[in-house]
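Trainee:
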Amino acid sequence: MRLAPLTWCLLLVWCGFGCSRSFSSQDLGVQYEPPSGMGLRSVEAGPPALARFDGGLELRSVRGAAPALDSGPEAVLGAAGLKVPGKLLQDTEGTLPAGPVARYEFSQTGGARTLVYFVPRKDGFVLVSFSAPERDYGALSARVERSLSTLRTW
């Protein structure tokens with residue numbers, strides 16, 4: 107059976123919308139496509155605005171003056187009302203399509219690890235955090251980091 111070209115177009119459009127994991131929020135000021143298997147669980151208007159995804163992934167949008175990129179995790183997490191989640195393993199700076207970032211990695215007692223990306227912007231900053239047990243952390247954090255190429259802020 108042959109499908110008409112219009113039917114194919116409609117099928118592709120439907121699949122594109124139906125299969126998309128894209129997340130966009132005016133409250134957070136972000137657009138993001140999380141890794142597969144990490145679907146959106148909840149959004150809180152805040153402040154700070156917060157989106158929780160399956161698997162230990164969170165996006166937090168903080169309004170107000172952003173700490174300097176090199177100010178360190180204590181200052182960044184403190185400005186978001188959070189505590190440092192454990193022993194700092196890594197503190198690096200880099201760039202994503204969303205702009206300059208600081209990347210922090212922590213080891214927690216009990217065998218968990220946490221990854222945090224700090225993305226400053228004009229009117230505040232976005233924190234992307236991911237926590238998982240040590241046994242799952244490597245593969246899952248790599249997927250989270252790859253997905254950050256889709257993060258857009260405004």
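With positions in the sequence shown counted from 1, the corresponding number in my numbering is that position plus 106.
Think of the CB as a built atom: it goes at the ideal place given N, C-alpha and C, for glycine as much as any other residue.
1) Counting only the same chain and skipping the five closest in sequence on each side, list residues whose C-beta sits under 6 Å from that of residue 121.
2) Rounded to whole angstroms, what's the CA-CA distance from residue 221 to residue 209? Just pull it up for me.
3) Do residue 166 and residue 154 have their C-beta atoms closer together than 8 Å?
4) Looking at C-alpha atoms only, which residue of 182, 192 and 258 is the closest neighbour of residue 218?
5) Would you please state the rounded distance, in angstroms, between the beta carbons of residue 159 and residue 169? I believe it to be under 8 Å.
6) Which residues in the same chain as residue 211 place their Cβ atom closer than 6 Å to its Cβ, once the five residues preceding and following it in sequence are excluded?
Mentor: This is what the structure holds:
1) Translated into positions along the sequence shown, residue 121 becomes position 15. Note that residue 121 scores a pLDDT of 45, beneath 50, so its modelled location is shaky; the value from the coordinates is reported in the next line. Cβ neighbours of residue 121 beyond the five flanking positions: none.
2) Against the sequence shown, residue 221 aligns to sequence position 115. Against the sequence shown, residue 209 aligns to sequence position 103. Take the alpha-carbon of residue 221 and the one of residue 209: they are about 7 Å apart.
3) Taking the first residue of the sequence shown as 1, we reach residue 166 at position 60. Taking the first residue of the sequence shown as 1, we reach residue 154 at position 48. Yes, Cβ-Cβ distance for residue 166 and residue 154 is below 8 Å.
4) Along the sequence shown, one-based indexing puts residue 218 at 112. Nearest option by C-alpha distance: 192.
5) The residue labelled residue 159 in the question sits at position 53 within the sequence shown. The residue labelled residue 169 in the question sits at position 63 within the sequence shown. Taking C-beta atoms under 8 Å as the contact rule, residue 159 and residue 169 fail to qualify, at a distance of about 21 Å.
6) The sequence position of residue 211 within the sequence shown is 105, counting from 1. For residue 211, where only same-chain residues beyond five positions count, the Cβ hits under 6 Å are 195, 196 and 221.
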